[in-house]
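In this note's numbering, the protein residues as written are 80 to 544.
Beta carbons are placed, not taken as given, at the ideal position from N, Cα and C, and that holds for glycine.
Owing to the predicted nature of the structure, the values given are computational and were not obtained by experimental measurement.
The structure appears right after this line, and notes come after that.
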RNA sequence: GGCCCGUUCGUCUAGUGGUUAGGACUCCAGGUUUUCAUCCUGGCAACAGGAGUUCGAUUCUCCUACGGGCUACCA
């Protein structure tokens with residue numbers, strides 16, 4: 080049977096790294112096994128759920144390339160379904176009404192020192208329930224957890240987990256306003272959506288026995304569970320907003336490629352069983368397998384992300400990089416031709432860890448540099464530098480044809496004739512042209528920029544420095 | 001507090017009774033390069049601790065320590 084899985088974000092914020100990882104592993108598993116990948120919006124918390132977040136989450140998913148198979152499922156549109164399920168449980172005796180107020184319960188908790196619900200309405204006679212109902216006392220609905228038993232399940236990642244029912248109190252499945260809680264909606268939805276594998280974060284392990292109890296109460300098949308280890312911040316705590324930029328969108332804005340981000344995320348808690356690390360999404364799908372997912376939480380390391388990212392950029396075609404850049408800034412390089420842009424990309428991609436870095440470091444290809452580091456300048460701009468640069472200018476002015484090979488030949492012979500070292504000539508020229516002492520081969524830069532631009536910039540430098 | 005889960009270099013990880021404990025990132029040193037980056041070579045660096053089981057434990061069992069998660073009329 081082909082698996083059906085779902086990613087179920089609650090729209091209380093943008094898609095964050097942890098959510099993206101959960102979505103990714105669902106996606107990898109189901110694409111590897113030719114199954115379906117669904118997305119369900121868990122928007123039952125009306126207070127915190129926002130429409131704009133739903134849009135943002137979908138946008139991020141699309142950007143990442145995690146395409147889902149059917150229409151989005153909104154929990155807010157399925158209240159009838161939940162109500163029916165709750166009444167069913169009430170009718171079958173698997174659930175009961177609890178008229179204890181929150182204050183009352185808090186008091187009991189405080190006095191007993193126990194956190195769990197003491198079952199005070201579990202076995203009241205029907206007449207008492209009738210009386211409270213008539214009085215209009217607000218009530219919650221709780222699941223009647225079978226006593227003296229235990230519930231266990233086989234987690235695809237954590238193995239067998241068993242919890243005694245003494246540890247599970249009669250938890251609430253419907254609030255006093257009648258609305259269903261997470262554990263109920265989750266089970267009902269997963270059942271009706273025909274989900275075969277529930278793949279989610281490890282923080283849900285303790286919810287799982289409760290949910291299994293509900294499947295049993297309904298008489299439904301229990302899906303297979305796979306809990307993923309957490310992604311942690313540098314402080315070993317679960318990655319959250321406290322750790323800074325954790326939204327997928329911010330990584331997009333910083334110029335990371337979706338495939339690179341996904342590649343890095345896939346390596347957090349999983350390995351392909353080989354020593355390969357830089358992989359395309361397609362390759363990861365082919366190799367993905369739960370047996371290589373492990374249990375320990377993994378700290379998110381931006382340094383390694385940067386490395387993966389630079390590897391992806393270096394491997395990518397110039398065309399793809401250009402379109403990636405244009406997604407960030409649609410105007411980039413529009414003052415020139417696309418082929419010029421791709422020449423720039425070709426020179427710069429090997430030395431960039433993100434698209435934004437590539438864009439920043441290649442500004443001088445499109446506009447004359449205006450900002451020069453004087454401190455840096457003084458290191459190599461000596462008394463005789465102006466004369467040298469003047470001579471180079473003359474040579475370049477007479478150079479014909481203007482191509483990389485001629486540039487290299489002429490400049491090298493100039494240096495040899497005058498017994499100048501490379502640094503003495505190249506550094507000032509490079510700095511005049513680009514405003515920096517770093518970058519690709521100077522001959523390539525000169526060639527790409529063209530005679531007119533080069534001479535103009537040298538002239539500018541000569542008058543200013 | 002209770003319950004559940006985890007623990008190999010700083011980080012991501014390989015490893016399932018016998019290995020010089022392997023790789024990657026970071027960092028350091030060298031080489032290549034006009035510079036920077038890339039690339040290449042080399043280096044630093046780990047089995048949380050203690051008891052067992054065993055001829056032999058990183059690998060199996062138990063205990064301790066540490067870390068994380070859950071314990072809501074949040075999801």
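- prompt: According to DSSP, what are the bridge partners of residue 257?
  reply: Looking up residue 257 in the first chain gives position 178. For residue 257, DSSP records no beta bridge to any residue.
task: Assuming residue 234 contacts residue 306 (C-beta within less than 8 angstroms), just tell me the rounded distance between them.
output: Along the first chain, one-based indexing puts residue 234 at 155. Along the first chain, one-based indexing puts residue 306 at 227. That belief holds up - the Cβ atoms of residue 234 and residue 306 are roughly 6 angstroms apart, short of 8 angstroms.
task: Excluding the 5 residues preceding and the 5 following residue 194 in the sequence, name in chain order all residues of the same chain whose CB lies nearer than 7 angstroms to its CB.
output: Here residue 194 is taken as the residue at index 115 of the first chain, counted from 1. So the qualifying residues of the chain are 188.
query: Is residue 257 near residue 94, with beta carbons less than 9 angstroms apart?
result: Residue numbering aside, residue 257 sits at position 178 when the first chain is read from its first letter. Residue numbering aside, residue 94 sits at position 15 when the first chain is read from its first letter. By the CB criterion at 9 angstroms, residue 257 and residue 94 fall outside the cutoff.
- prompt: Taking DSSP as the reference, what is the three-state secondary structure of residue 541?
  reply: Counting from one through the first chain, the residue named residue 541 turns up at place 462. Helix, per DSSP.
- prompt: Between residue 471 and the rest of its own chain, which residues show a CB-CB distance below 8 angstroms, the 5 nearest in sequence each way excluded?
  reply: One-based indexing of the first chain puts residue 471 at position 392. Here residue 471 has 490, 493, 504, 508, 537 as same chain residues with Cβ atoms under 8 angstroms from its own Cβ, once five neighbours each way along the sequence are excluded.
message: Is it buried or exposed, residue 373, if we count other Cβ atoms within 10 angstroms and call 16 or more buried?
response: On the first chain, position 294 is the one that residue 373 refers to. It is exposed - the Cβ of residue 373 has fewer than 16 other Cβ atoms within 10 Å.
field: Enclosing beta strand (DSSP E) for residue 231 [first to last residue]
entry: Within the first chain, the letter at position 152 stands for residue 231. Where residue 231 is concerned, the enclosing beta strand (DSSP E) stretches over 229-234.
message: For residue 519 and residue 525, I'd like the C-alpha separation in whole angstroms.
response: Here residue 519 corresponds to residue number 440 of the first chain, with the count starting at 1. Here residue 525 corresponds to residue number 446 of the first chain, with the count starting at 1. Inter-residue distance for residue 519 and residue 525 is about 10 angstroms (C-alpha atoms, whole angstroms).
message: Could you tell me which whole alpha helix (DSSP H) segments of length 4 or greater appear in the stretch 489-529?
response: Annotation note: the stretch 489-529 contains the following uninterrupted alpha helix (DSSP H) runs of length 4 or greater, listed N- to C-terminal: 501-513, 521-528.
task: Leaving aside the five residues before and after residue 506 along the sequence, list all residues of the same chain whose C-beta is less than 7 angstroms from its C-beta, in chain order.
output: Here residue 506 refers to the residue found at position 427 of the first chain. These residues qualify, in order along the chain: 459, 516.
- prompt: If we count the other Cβ atoms within 10 Å of its Cβ and call it buried at 16 or more, is residue 543 buried or exposed?
  reply: The residue labelled residue 543 in the question sits at position 464 within the first chain. Residue 543 should be labelled exposed.
- prompt: For residue 450, is the classification buried or exposed, using 16 other Cβ atoms within 10 angstroms of its Cβ as the cut-off for buried?
  reply: Against the first chain, residue 450 aligns to sequence position 371. When all chains shown are included, residue 450 counts as exposed.
query: If you count every other CB in all the chains shown that lies within 10 Å of the CB of residue 496, and 16 or more means buried, which is it?
result: As a working note, residue 496 is residue 417 in the first chain. Exposed, by the Cβ-count rule.
field: Beta-carbon proximity list for residue 293, same chain, < 6 angstroms, skipping 5 on both sides
entry: As a working note, residue 293 is residue 214 in the first chain. For residue 293, where only same-chain residues beyond five positions count, the Cβ hits under 6 angstroms are 266.
field: DSSP state of residue 404 mapped onto helix, strand, coil
entry: In the first chain, counting from the first residue as 1, residue 404 sits at position 325. Residue 404: helix per DSSP, three-state reduction.
- prompt: So, helix, strand or coil for residue 460, using DSSP?
  reply: Within the first chain, numbered from 1, the residue matching residue 460 stands at position 381. Of the three classes helix, strand and coil, the one that applies to residue 460 here is coil, per DSSP.
message: Let's test the definition: count the other Cβ atoms within 10 Å of the Cβ of residue 249 and tell me whether it reaches 16, buried, or not, exposed.
response: Taking the first chain and counting its residues from 1, the one referred to as residue 249 is at position 170. Note on residue 249: 16 or more other CB atoms within 10 angstroms of its CB, so buried under the neighbour-count rule.
Nearest-angstrom Cα separation, counted from residue 239 out to residue 264: Here residue 264 corresponds to residue number 185 of the first chain, with the count starting at 1. Here residue 239 corresponds to residue number 160 of the first chain, with the count starting at 1. Going from the Cα of residue 264 to the Cα of residue 239 covers about 25 angstroms.
- request: Could you have a look at residue 536 and say whether DSSP puts it in helix, strand or coil?
  value: For the purposes of this step, residue 536 is identified with residue 457 of the first chain, where counting begins at 1. Residue 536: helix per DSSP, three-state reduction.
Sequence ranges, beta strand (DSSP E) only - wholly within the stretch 112-175, length at least 3: With a minimum length of 3 residues, the continuous beta strand (DSSP E) runs that stay inside the stretch 112-175 are 115-120.
field: Cβ contact (3+ pairs, closer than 8 angstroms) linking the stretch 404-418 and the stretch 433-450
entry: Three or more beta-carbon pairs separated by less than 8 angstroms link the stretch 404-418 to the stretch 433-450, which places the two stretches in contact.
message: With DSSP as the reference, identify every bridge partner of residue 220, one or two as the case may be.
response: Within the first chain, the letter at position 141 stands for residue 220. Residue 220 pairs with 176, 253.
field: Close-in-space but distant-in-sequence residues of the same chain around residue 432 (CB under 7 angstroms, 5 per side omitted)
entry: As a position in the first chain, residue 432 is number 353, starting the count at 1. So the list reads 385, 388, 389, once near-sequence residues are dropped.
field: Cβ-based burial, residue 429 [other Cβ within 10 Å; buried from 16]
entry: Counted from its first residue, the first chain places residue 429 at position 350. Counting of Cβ neighbours within 10 angstroms places residue 429 among the exposed residues, the total staying below 16.
- request: Please specify which runs of the beta strand (DSSP E), each continuous and at least 3 residues long, are wholly inside the stretch 258-302, giving them in chain order.
  value: List check, beta strand (DSSP E) in window: 276-280.
- request: Report yes or no: do three or more beta-carbon pairs, one from the stretch 169-177 and one from the stretch 117-125, lie closer than 8 angstroms?
  value: When Cβ pairs closer than 8 angstroms are counted between the two stretches, the stretch 169-177 is seen not to touch the stretch 117-125, the count staying below three.
Per DSSP, cross-strand counterpart(s) of residue 56: In the structure displayed, the chain extends from 80 to 544; residue 56 sits before or after that span and is not available.
- prompt: For residue 310 versus residue 512, is the C-beta spacing smaller than 9 angstroms?
  reply: The residue you call residue 310 lines up with position 231 of the first chain. The residue you call residue 512 lines up with position 433 of the first chain. No, the pair does not count as a contact, with Cβ atoms beyond the cut-off.
task: Compute the distance between the beta-carbons of residue 160 and residue 271, then report whether it is under 9 angstroms.
output: As a working note, residue 160 is residue 81 in the first chain. As a working note, residue 271 is residue 192 in the first chain. Against a cut-off of 9 angstroms, the Cβ pair of residue 271 and residue 160 comes out as a contact.
- request: Could you tell me whether the stretch 213-231 touches the stretch 141-150, using the rule of 3 or more Cβ pairs below 8 angstroms?
  value: Cβ pair count under 8 angstroms is below three, so no.
- prompt: Buried or exposed: residue 231, going by 16 or more other Cβ atoms within 10 Å of its Cβ?
  reply: Position 152 of the first chain, counted from the first residue, corresponds to residue 231. When all chains shown are included, residue 231 counts as exposed.
task: Using three-state DSSP, classify residue 91 as helix, strand or coil.
output: Against the first chain, residue 91 aligns to sequence position 12. Correct three-state label for residue 91: coil.
field: Between the CA atoms of residue 186 and residue 280 - distance to the nearest angstrom
entry: Within the first chain, the letter at position 201 stands for residue 280. Within the first chain, the letter at position 107 stands for residue 186. Cα-Cα distance, rounded: 33 angstroms.
query: What three-state label does DSSP hand residue 103 in the structure shown?
result: The residue given as residue 103 occupies position 24 in the first chain. Three-state result, residue 103: helix.
query: So, are the CB atoms of residue 363 and residue 521 less than 9 angstroms apart?
result: What you label residue 363 is simply residue 284 of the first chain in a count that begins at 1. What you label residue 521 is simply residue 442 of the first chain in a count that begins at 1. Cβ atoms of residue 363 and residue 521: not closer than 9 angstroms.
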